[in-house]
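J.: In this note's numbering, the protein residues as written are 3 to 88. Supplied in structure tokens, the structure appears directly below.
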């Protein structure tokens, strides 16, 4: 049986992006959280696929190395123009 888990990174006001559309408030490395990942690494290792919106996807590409490995990523968007991946 397939199990689907919804995990949404949001700020207290219920949005992921700030008023300018940026997600730069998200920690980009474990050094920004004092080395604590709050169980995210264990959770992330159980994930097979990430469904992500185009704007978030493009911003995350700019973060540099992804600290948790690489599951399959599916980008959900309505645009034919996506940033190139590494």
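Glycine included, every Cβ here is placed at the ideal spot set by N, Cα and C.
Per DSSP, residue 19 forms a beta bridge with which residues?
T.: Residue 19 pairs with nothing; no bridge assigned.
J.: In the DSSP assignment, find the unbroken beta strand (DSSP E) run with residue 52 in it and report its ends.
T.: Taken as a continuous stretch (DSSP letters only), the beta strand (DSSP E) holding residue 52 covers 51-55.
J.: Of all the options 58, 49, 60, which has the alpha carbon lying nearest to the alpha carbon of residue 6?
T.: Considering only alpha carbons, the answer is 49.
J.: Indicate whether residue 62 and residue 25 have their beta-carbon atoms separated by less than 9 Å.
T.: The answer is yes: Cβ separation under 9 Å.
J.: Going by the CB atoms, is the gap between residue 11 and residue 57 shorter than 9 Å?
T.: No, the pair does not count as a contact, with Cβ atoms beyond the cut-off.
J.: In whole angstroms, give me the CA-to-CA distance for residue 9 and residue 27.
T.: Straight-line Cα distance between these residues: approximately 17 Å.
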